Structures are given as structure tokens and as C-alpha cells.
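Working notes, beginning with the structure itself.
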Amino acid sequence: MASSLLLTKFSLLTFLLSVVSSESPVLTNKYTSIFSFGDSITDTGNYRRLQGDDVAPPPYGMTYFKRPTGRFSDGRLIIDFIAEAFGLPLLPPYLAEPDGHDFHWGVNFAVTGATAVDVDHLQEFGLHNFIVNQTSEVQISWFKQLLPSLAQTLNCSDQYCLSKSLFFVGEFGINDYDIAIQEGKGLNELHSLVRSVIDVIRRAVDALVDLGARMLVVPGIIPLGCTPRYLTMFKSTNKGDYEPETGCLRWPNELIEHHDRLLREELDLARIAHPHASIAFADYYNILIDVYRSPRKFGFNGDGALVACCGRGGAYNYHSSDMCGCDGVIACDDPSSRLSWDGLHLTEAAHELVALALLSEGVFSISPLIENAGHGECSEQLFMNGVSGLQDGLVRGDMVA
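Throughout the sequence shown, residue numbering follows mature numbering (1 follows the signal peptide of the UniProt record, and there is no 0), covering -22 to -1, 1 to 379 in sequence.
Written as C-alpha cells, this is what we have:
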């Protein structure tokens, strides 16, 4: 059952990609490159290059690449599917530059464990257990350093090069909150931290627009209360602590909802400040919450929606001392039937679904204010309407088990 439903999802993606690559030049030529920033949700190998090849060992990478790549999943990430959808190569990690990777089509600056807030300010909050110093500010500085050579390679001015590039700014914040939660901070302190995280994301958006970015997508955060890690670590005997429709923990999800609400408000202000740029919000949370409510409808195992594919121990197949990648820990037979890969990160199948939802919702459509490529507005609108119809009729309907 799961494999046939996965085939349906695969068929939809194949259709989308065929439209993108053949029938709709407006999408084929829309973006010449992609630049992404963030944490492990987006990292395609930077952390592995910082820490060595022992990072995310087998069975990480088993589904698509057949080997570890530094991605914290069994296969491709959301950003990989987005790149494929626009006919671009998968983004190389920025720290792979010495290996001779071509950054002509874009580059990924995301680093696993990265926080939004810089280390000094985290310490002011009384937080100390961060694992890397490659914060959002550091990643933006890497981009600034690369920009002159990039413009030279592409034989264009910085502003013109970037006007045809897609910027994926995040996700950011999940590590800030996770550190605070693990160090025992209360909800009031967490909500104070949210404001700081949102301010940092806004500064990143402003900085990129000032450098010439014209199309930016800023993701929210995945439902933290639905992860096997949190469900295991904060297991409760009080049924009221759980959402009845999903089985997820309420309070972590309410924290993420608060983050997303403030982020949306801040992006509204950013659009007013930068009318010449298109700034879109990517709603990871609500896309995934819909799936957690009705996993079978989307082709996932209903009984294992909250259970990690790769792990060992307990109701959610997660134990902090016996995690995916440790000796003797194996993956489930069919990762495509699960949402969670290792207890915190998603499977390739879940990443694919999120990417499809974003594509079908028109998140990547260019605002008329910055549409300078000479493509017809009608063609773009027809395509987006067609995809929306497919999404409503196939993903949300025909996938019912």
C-alpha cells in the first residue's frame, strides 16, 4: 500500500518536473541559481566538511545517494527537490569549494546545528550548549565573500546576477529553541528568545536584499512536538499535553506556532520596506501538520507517523544514547512510509511532499513588481493554477488509502 501511494507521489513530482523542464519555459528560466542558508534541514554537506566523514554515517543517504553525503536524512532534502524542480543541479556545500565544485548554479551555506542568534547573544540568554559557530550572520558573511568572484564567473554585475537568483533563507531558530529547552529554560524565556530569533532573520533578509536579492523564500519551522525526539524526552502521562488529532506534544508546537506567527508579521513589514523584492513565507509547519493528522491520506504509515525510521528503543524508536548512525542501529525497511528519519530530521519522502506543496502553492512565483525576464504573466498563472488543481485533486484526494 505504501509503495503504491509513494508511486502516486512520485508520478506527481515527475509531472511537475516535466512541465517545468519542457512545457513551461517561464519556470525553466525563472532562476539561474539558488543560494540557501540554514541548519540541518537544508545542509547538504557543510557540517560534514567541518567535522569529518564520521558525520551522518550509514544508513544516512541510503535511499537516493546510496552513500552518506552529509545530509541528515535517508536521501534528498527540500532544497534538493526545489533545485530539481527548476532544472538546476543539487547545490554544493560552500565548504566544498576546495574540491573544485562549480558554484555557477548556486551554493548552500547551511550548517547543521546553526543558530539564528550569534553565540555572544546566546550566552547572554544563559545558553552554552551550541555545537557550531556558523550562525546566520556567519553564513551571510560567507555569501558576501563569495559574491565578487561569483559575479566575475557569471560575467555580470552583482545586482543583475542576484536578481535572477532564488534565496532560501532558513529554516532558522529550531536550534536556538532546542538549546534553550535542553538547558531548562521556561516558556517565558523561550518566548523572549523567539523575538531575538525573528529580529535576526529580518536582518538577514534586509542584508540579502541590500546585496541585490530579489526573490527570497523564508521558511518557518517543522512541528517540533511531532518529532520522536521530543515525544520521547518529554513523554507525559497527562493526555491533555498531547494534540488529539496528531498525538504530538502541544507545548513545543505552540512555541513553533508563535515563532511562525511573529515571522509572518515581520515578513509583512519586510515587504513594505522592500517593495522591489518578493519575500515569501514557506509554511513547513502547516504542510506537515496536515500530514500528521492524516498520514495515510498522503501515503505514509498511519501507525508509524510519529515513529522514527532509523533508531532503536521505546514507543517512538528513539533513544538519545542509541541514535541513527550508532553501531547496530538500523533503518526501517521502507523509509518512504515514515515521516521521521532519525527522530528529529525528516525522510526524503517527507521532504519531497513539502517541496511539492510549496511548488503547488505558488511560493516561488515572482511578484509582478520584479518580473523583468520578459516572460508572459499569463503562462505563469496558467501553470500555477494547473498545479494547484493537481494538488487538490491528487495529493489531497487520490492518496486516500
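Think of the CB as a built atom: it goes at the ideal place given N, C-alpha and C, for glycine as much as any other residue.
A quick note: this is a predicted structure, and the numbers were derived from the prediction, not measured.
Task: Segment contact, 8 angstroms Cβ cut-off, at least three pairs: the segment 193 to 208 with the segment 229 to 247 - done: Enough Cβ pairs lie closer than 8 angstroms, so yes.
Task: Element boundaries [beta strand (DSSP E), containing MET193] - done: Where MET193 is concerned, the enclosing beta strand (DSSP E) stretches over 193 to 197.
- [ ] Can you tell me which of the three DSSP states PHE342 falls into?
- [x] The three-state reading of DSSP puts PHE342 in coil, since its state is none of H, G, I, E or B.
Open item on the list: Counting beta carbon pairs with one atom in the segment 327 to 345 and one in the segment 25 to 34, are three or more of them shorter than 8 angstroms?
Closed with: Contact fails: fewer than three Cβ-Cβ distances are below 8 angstroms.
Task: Where the beta strand (DSSP E) through ALA185 begins and ends - done: Run containing ALA185: none in the beta strand (DSSP E); it sits in the alpha helix (DSSP H), 165 to 189.
Task: Same chain, Cβ closer than 6 angstroms to ALA260, five either side skipped, listed in chain order - done: Only VAL195, PRO197, LEU336, VAL341 meet the Cβ criterion.
TODO: Report back the beta-carbon spacing between PHE103 and ALA158 to the nearest angstrom; my notes put them in contact at under 8 angstroms.
DONE: Taking the Cβ atoms as the reference, PHE103 lies roughly 7 angstroms from ALA158, within the contact range of under 8 angstroms.
Task: VAL85 Cβ short of 7 angstroms to the ligand MN heavy atom set - done: No copy of the ligand MN occurs in the structure displayed, which carries no ligand at all.
Task: Backbone secondary structure at SER141 - three-state DSSP - done: SER141: helix per DSSP, three-state reduction.
Open item on the list: With a threshold of 6 angstroms on Cβ separation, who are the neighbours of GLU223 within its own chain once the five nearest residues in sequence on each side are excluded?
Closed with: Result list for GLU223: ARG271, in chain order.
TODO: Just mark ALA101 as buried or exposed, buried being the case when its beta carbon has 16 or more other beta carbons within 10 Å.
DONE: According to the sequence as given, residue 101 is Gln; it is not Ala. It counts as exposed.
TODO: Could you tell me which residues DSSP puts in a beta bridge with ASN86?
DONE: ASN86 pairs with SER14, PRO71.
TODO: Tell me where the beta strand (DSSP E) around ALA158 begins and ends.
DONE: Bounds of any beta strand (DSSP E) do not take in ALA158; it lies within the alpha helix (DSSP H) bounded by 152 to 160.
TODO: Have a look at PHE278 and SER315 and give me their C-alpha separation to the nearest angstrom.
DONE: Taking the straight line joining both Cα atoms gives about 5 angstroms.
Open item on the list: Tell me the rounded alpha-carbon separation between GLY39 and LEU55.
Closed with: In a straight line, the C-alpha of GLY39 is about 11 angstroms away from that of LEU55.
Task: Euclidean distance between Cα positions of residue 383 and ARG239 - done: As shown, the chain starts at -22 and ends at 379. That puts residue 383 outside it, with no answer to give.
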